[in-house]
Amino acid sequence: MDTDSHPIVVGFDSSPPAVNAVRWAVAEAVARDVPLRLTRVLGEGTPPADLDATRRALAEAGDALVAQSPNLRVQTCATRGGVADVLLAQSHAAAMICVGSDGYCVGRPLGALATTLARHAGCDVAVIKDCPDSPTTDPGVVAVVLDDEADDDERVHQAMREGRLRHTSVRQIDRRADSWVRRYPDVHVETVAAGTGFPAPGSPDRRPPQLAVVGRGDAEQLADLATPNCHPIVGFPDCSVLVVRR
Numbered sequence: 004m005d006t007d008s009h010p011i012v013v014g015f016d017s018s019p020p021a022v023n024a025v026r027w028a029v030a031e032a033v034a035r036d037v038p039l040r041l042t043r044v045l046g047e048g049t050p051p052a053d054l055d056a057t058r059r060a061l062a063e064a065g066d067a068l069v070a071q072s073p074n075l076r077v078q079t080c081a082t083r084g085g086v087a088d089v090l091l092a093q094s095h096a097a098a099m100i101c102v103g104s105d106g107y108c109v110g111r112p113l114g115a116l117a118t119t120l121a122r123h124a125g126c127d128v129a130v131i132k133d134c135p136d137s138p139t140t141d142p143g144v145v146a147v148v149l150d151d152e153a154d155d156d157e158r159v160h161q162a163m164r165e166g167r168l169r170h171t172s173v174r175q176i177d178r179r180a181d182s183w184v185r186r187y188p189d190v191h192v193e194t195v196a197a198g199t200g201f202p203a204p205g206s207p208d209r210r211p212p213q214l215a216v217v218g219r220g221d222a223e224q225l226a227d228l229a230t231p232n233c234h235p236i237v238g239f240p241d242c243s244v245l246v247v248r249r
């Protein structure tokens, strides 16, 4: 693990969701020109030989990623402990934490680990359910709610960055009292009524979201979402989610 600061940290355990998270995070790291850190957390009782083998496997995985993306810098970290504890500790010096979805459970629609990170991490958190870069996957749109919360501009900024990076449309669901639409009457804007999350019939882009960009408030309420789709972004939190915590 080198000394470069503010990496994109991926919780990696070789599972399909973790592989999806790595694929998603590679583009993020290259675009930001920061390292990608593959972090594998093993149980406290893991023998030294197994820990060493894991470190070698991570190094090989990192080499394979660099071979595919020459501009990528990769760090690796294999350690013992609790997964949430290790990732939360690393989040305070990271640009973003990225994990694959660990499944739905009652009261935690993003899964237990992802919910803990979304609520307590020291940086932004991406929870990836599908990899939009797959040639067999329709990438969908990036969805974000415009409202009057203090972190609105940062959320929208991040959504626009993701739209550019993922080469897809950004769907803005306007709930502001003082709308930007009124400030720029000469600009054509597709407005989505709050509570539907989809553009009007006839819109050129009615794809479902690939990524919902949300703020701290939504992260704090994740445990209260007993069922999906109780949100202005239809499909939240069943789609991938990026929690902006700054």
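Residues in the sequence shown are numbered from 4 upward in steps of one, following my numbering. Ideal Cβ positions, reconstructed from N, Cα and C, are used throughout, including at glycine.
Here P73 is exposed, its C-beta having fewer than 16 other C-beta atoms within 10 Å.
Of the other Cβ atoms in all chains shown, fewer than 16 fall within 10 Å of the Cβ of D55; this residue is therefore exposed. Fewer than three Cβ pairs drawn from the stretch 59-69 and the stretch 87-102 lie within less than 8 Å of each other, which leaves the two stretches out of contact. For P51, no beta strand (DSSP E) encloses it; the enclosing alpha helix (DSSP H) starts and ends at 51-71. Within the same chain, R174, P212, A215, I236 come within 6 Å of A146 by CB-CB distance, once the 5 residues on both sides are set aside. Comparing C-alpha distances from D241 to each of G114, H160, R178, R179 shows the shortest one belongs to G114. Three or more Cβ pairs drawn from the stretch 79-89 and the stretch 44-51 lie within less than 8 Å of each other, which places the two stretches in contact. For L61 and T79, the gap between their C-alpha atoms comes out near 6 Å.
With contacts defined by Cβ atoms closer than 7 Å, V37 and V130 do not form a contacting pair.
Closest in alpha carbon position to L41, among V33, A52, I11, E31, is I11. In the DSSP secondary-structure assignment, G48 is not bridged to any residue. Annotation for S18: G103 place their beta carbon closer than 7 Å to its own, counting only its chain and skipping 5 residues before and after.
In this structure, DSSP gives P38 a state outside helix and strand, which the three-state scheme calls coil. Taking T57 as reference, the option from T119, M163, A32, F15 with the minimal CA-CA separation is F15. For V29, the secondary structure class from DSSP, reduced to helix, strand or coil, is helix. Bounds of the beta strand (DSSP E) holding L149 are 144-149.
An exposed status is given to R59, since fewer than 16 other beta-carbon atoms sit within 10 Å of its beta-carbon. Annotated three-state conformation of P212 is strand, per DSSP. Straight-line measurement puts the Cα of C101 at about 8 Å from the Cα of V25. For R83, DSSP records a beta bridge to L45. Ranking A222, R249, S8, R248 by CA distance to the CA of T118 puts A222 first. R249 and V77 have their alpha carbons spaced roughly 24 Å apart. With contacts defined as CB atoms closer than 7 Å, D154 and R179 fail to qualify as a contacting pair.
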